[in-house]
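Here the numbering used here is used: the first residue of the sequence shown is 334, the next is one more, and so on. Shown next, in structure tokens, is the structure this report addresses.
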Amino acid sequence: MISGPVRAQYNQSEAERFLTVSGQPDYIAIIDQLSLDDMRNTLLGIWVQGLNPRAYWTDDMEWAYQRNGSADKNLKARTNQEFLQMLQDLYSGSVDPQLVGFDIKFVQKNFLTTKQLQALLLAAGNSAGAIVEAVAPQNPPYLSVKEALKRIYPACSNGQWTPIKPSKKSLKLNVKDNVIIDIKKRLALLGYRFTNYDNLYDSDLLAAINDIQWNLRVKPDGVISPGGRTWTWFNVSCVDRVRQMQADMEKMRWFPQRFEDRYIFVNLAMTYFGMLDRKQNMSMAFRTINGRPERKSPTMRDEIVTVILNPSWVVPPTVFMQDKVEEIKNLPYWEINNYFNSHNYEVWNKNFTKRIDPSTIDWWGISQGTVAVDIYIRQKPHLGNALGVVKFELTNSFSIYLHDTNQRELFAEPQRQISSGCIRLEKPFDLAEYLLQGTQWTRQVIEATVAKPGEVLNKSTEISLKKEQRMPVYLAYLTSQMSSDGVIRFVIDSYDQNSDIRRYLASPF
Numbered sequence: 334m335i336s337g338p339v340r341a342q343y344n345q346s347e348a349e350r351f352l353t354v355s356g357q358p359d360y361i362a363i364i365d366q367l368s369l370d371d372m373r374n375t376l377l378g379i380w381v382q383g384l385n386p387r388a389y390w391t392d393d394m395e396w397a398y399q400r401n402g403s404a405d406k407n408l409k410a411r412t413n414q415e416f417l418q419m420l421q422d423l424y425s426g427s428v429d430p431q432l433v434g435f436d437i438k439f440v441q442k443n444f445l446t447t448k449q450l451q452a453l454l455l456a457a458g459n460s461a462g463a464i465v466e467a468v469a470p471q472n473p474p475y476l477s478v479k480e481a482l483k484r485i486y487p488a489c490s491n492g493q494w495t496p497i498k499p500s501k502k503s504l505k506l507n508v509k510d511n512v513i514i515d516i517k518k519r520l521a522l523l524g525y526r527f528t529n530y531d532n533l534y535d536s537d538l539l540a541a542i543n544d545i546q547w548n549l550r551v552k553p554d555g556v557i558s559p560g561g562r563t564w565t566w567f568n569v570s571c572v573d574r575v576r577q578m579q580a581d582m583e584k585m586r587w588f589p590q591r592f593e594d595r596y597i598f599v600n601l602a603m604t605y606f607g608m609l610d611r612k613q614n615m616s617m618a619f620r621t622i623n624g625r626p627e628r629k630s631p632t633m634r635d636e637i638v639t640v641i642l643n644p645s646w647v648v649p650p651t652v653f654m655q656d657k658v659e660e661i662k663n664l665p666y667w668e669i670n671n672y673f674n675s676h677n678y679e680v681w682n683k684n685f686t687k688r689i690d691p692s693t694i695d696w697w698g699i700s701q702g703t704v705a706v707d708i709y710i711r712q713k714p715h716l717g718n719a720l721g722v723v724k725f726e727l728t729n730s731f732s733i734y735l736h737d738t739n740q741r742e743l744f745a746e747p748q749r750q751i752s753s754g755c756i757r758l759e760k761p762f763d764l765a766e767y768l769l770q771g772t773q774w775t776r777q778v779i780e781a782t783v784a785k786p787g788e789v790l791n792k793s794t795e796i797s798l799k800k801e802q803r804m805p806v807y808l809a810y811l812t813s814q815m816s817s818d819g820v821i822r823f824v825i826d827s828y829d830q831n832s833d834i835r836r837y838l839a840s841p842f
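So this is what it looks like as structure tokens:
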């Protein structure tokens, strides 16, 4: 069994232990309707929700239960408080998202009101397990990681997940080595399928290793080299994988408990886009390019409100200062105008009322310490625009949006955390067609409107979406998931979110 620190001891006072709703009499009165036996059994199984049972049902509590049973009134009072604290951690999360990083654009959710909690308890038939299911997140990404945890957590103690001793030689197709038997067993636990569980590196294993290497963001070659990145992936312990999933489940508690009937979910860690429309029984899935670790794409909820064909690109302040100005400084003075013309760049004043000749600007006088720059670089609409020819405008104030790209070849690369924060889409035309269905903007019209090779335009076409057309967008950095094929996949935590979350978790494994 996975153990971890407990939050409180049985003999501590209520004031020392409970500083949130778990110490409030109105809430306690509701929870008191549950039986001690039912709450104990539910708390012991709460690991399935990514919470450590030992944080809510301690050794001291178990000792008292074994000695006195359900007749122990003090234990019942303590269990009421612990169970309520667990419900709050389950619903709102125990980690304040504002403590994790500037890229987390959520605030911690308020817990249910007493009226809401009482209604849920009534609907649950005074069942502790049923009230947990009613309070727990039901959004699909959370449920995906939950299903993965249900498979892996027991494997940490039942012998299914055991350390694999690395081979001293490179393993590749048609090589035989006894360690391959252990590798296949481990991968089968994760959901990869094999015809034979012998010591031969066969085509089934090659497909699995290529998939793993792709998720490690390296070009797959199918070779497991001594001391290489693939072996490092196999050497991660079962407990650490459980902790990874626990952190991901905590992230999804920041999001709404349920998603809408139609929504977009972008997994920033796996650089993947998913769209689901339940009413139309329609879905999309394709690759994304999103923020590199030093310019992280934010974790947030937003919605698409406008589709822009042939967008112009106003260079964001960070990109302006750190990229464009530095590029220009490396140019000879007489090459500056050519640089701007070749990229279809223009320089504008801060109000966009006047164009400025770029050769008249003292670019070398602009530095990282400059307090304010009263000019902007704007790239005119064309096929080579940094935003491509389709942009999906969101409502946030962080200059984050979804868009096409002029570097479409990069979607073939496994390492796609390379943008300055915005989300580049592999199939923007598919999304535009979906969002604009029922309007004059058919796929044919969209494709006829966007810039062609060599064509430079002076203006964009903005199409505002009606309220019912607006599309919820969720961005999250999940490093683990169970995919639709039943395979549990893990990726590297380049954003270091998991370690930050574990620092603040109330019930770490």
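Backbone N, C-alpha and C define an ideal beta-carbon position, used for all residues, glycine too.
So, with DSSP's three-state summary, where would you put residue 794? strand
What's the gap between the Cα of residue 621 and the Cα of residue 604? 5 Å
Quick check: the Cα distance between residue 699 and residue 762, rounded to an integer number of angstroms? 38 Å
Three-state secondary structure (DSSP) of residue 809: strand
Going along the chain, which residues of its own chain have a beta-carbon closer than 6 Å to the beta-carbon of residue 520, five neighbours each way excluded? 541
Can you name the residues that DSSP bridges to residue 374? None, per the DSSP bridge assignment.
Compute the Euclidean distance between the alpha carbons of residue 704 and residue 711, then round it to the nearest angstrom. Since pLDDT at residue 704 reaches only 45, below the 50 mark, its modelled position is unreliable, and the value read off the structure follows with that caveat. Going by the C-alpha atoms only, they are around 21 Å apart.
Straight-line Cα distance separating residue 739 from residue 590: 37 Å
Using the Cβ count rule (16 or more neighbours within 10 Å means buried), how would you classify residue 646? buried
Taking Cβ positions, are residue 416 and residue 587 nearer each other than 9 Å? no
Alpha carbon to alpha carbon, how far is residue 381 from residue 483? 6 Å
Looking at the structure shown, is residue 550 part of a helix, part of a strand, or coil, going by DSSP? coil
May I ask you to report which of helix, strand or coil DSSP gives residue 696? helix
Confirm, please, whether the CB-CB distance from residue 444 to residue 471 is below 9 Å. no
Using only the alpha-carbon positions, how far apart do residue 339 and residue 436 sit? Model confidence at residue 339 stands at a pLDDT of 39, short of 50, so the residue's coordinates are unreliable and nothing is read from them.
Consult DSSP for residue 709 and reduce its assignment to one of helix, strand or coil. strand
Can you tell me the Cα-Cα spacing of residue 623 and residue 451, whole angstroms? 43 Å
Taking C-alpha atoms, which residue in 697, 733, 745, 822 lies nearest to residue 811? 822
When the Cβ atoms of the stretch 636-655 are set against those of the stretch 714-723, are three or more pairs found closer than 8 Å? yes
Hey, quick one: how far does the beta strand (DSSP E) through residue 739 stretch, first residue to last? Per DSSP, residue 739 belongs to no beta strand (DSSP E) and is neither H nor E.
Once the 5 residues before and after residue 816 are set aside, which same chain residues still bring their CB inside 7 Å of it? 822
Assign residue 704 to one of three DSSP states: helix, strand, or coil. Reliability of the predicted coordinates at residue 704 is poor, the pLDDT of 45 falling under 50, and the value obtained from them is presented with this limitation in mind. Three-state result, residue 704: coil.
Cβ-based neighbour list, residue 779, same chain, cut-off 6 Å, excluding 5 preceding and 5 following: 765
Between residue 709 and residue 582, which are expected to be in contact by the criterion C-beta below 8 Å, what is the C-beta distance as a whole number of angstroms? Their Cβ separation, rounded to whole angstroms, is 42 Å, which puts residue 709 and residue 582 out of contact at 8 Å.
Counted within 10 angstroms of its Cβ, other Cβ atoms place residue 685 as buried (16 or more) or exposed: exposed
Can you tell me which of the three DSSP states residue 579 falls into? helix
Nearest neighbour of residue 406, chosen from 385, 369, 375 [CA to CA]: 369
Is it the case that the stretch 649-667 contacts the stretch 783-790, given that we only count it when at least three CB pairs across the two stretches are under 8 Å? no
Looking at the secondary structure, which residues open and close the alpha helix (DSSP H) in which residue 425 lies? 406-425
How about residue 458 and residue 375: are their beta carbons less than 9 Å apart? no
Going by DSSP, which residues form a beta bridge with residue 621? 758
Inspect the CB distances between the stretch 668-688 and the stretch 733-748 and report whether three or more fall short of 8 Å. no
On the criterion of 16 or more Cβ atoms from any shown chain inside 10 Å, does residue 391 qualify as buried, or is it exposed? buried
So, are the CB atoms of residue 759 and residue 606 less than 9 Å apart? yes
N- and C-terminal bounds of the alpha helix (DSSP H) containing residue 675: 669-675
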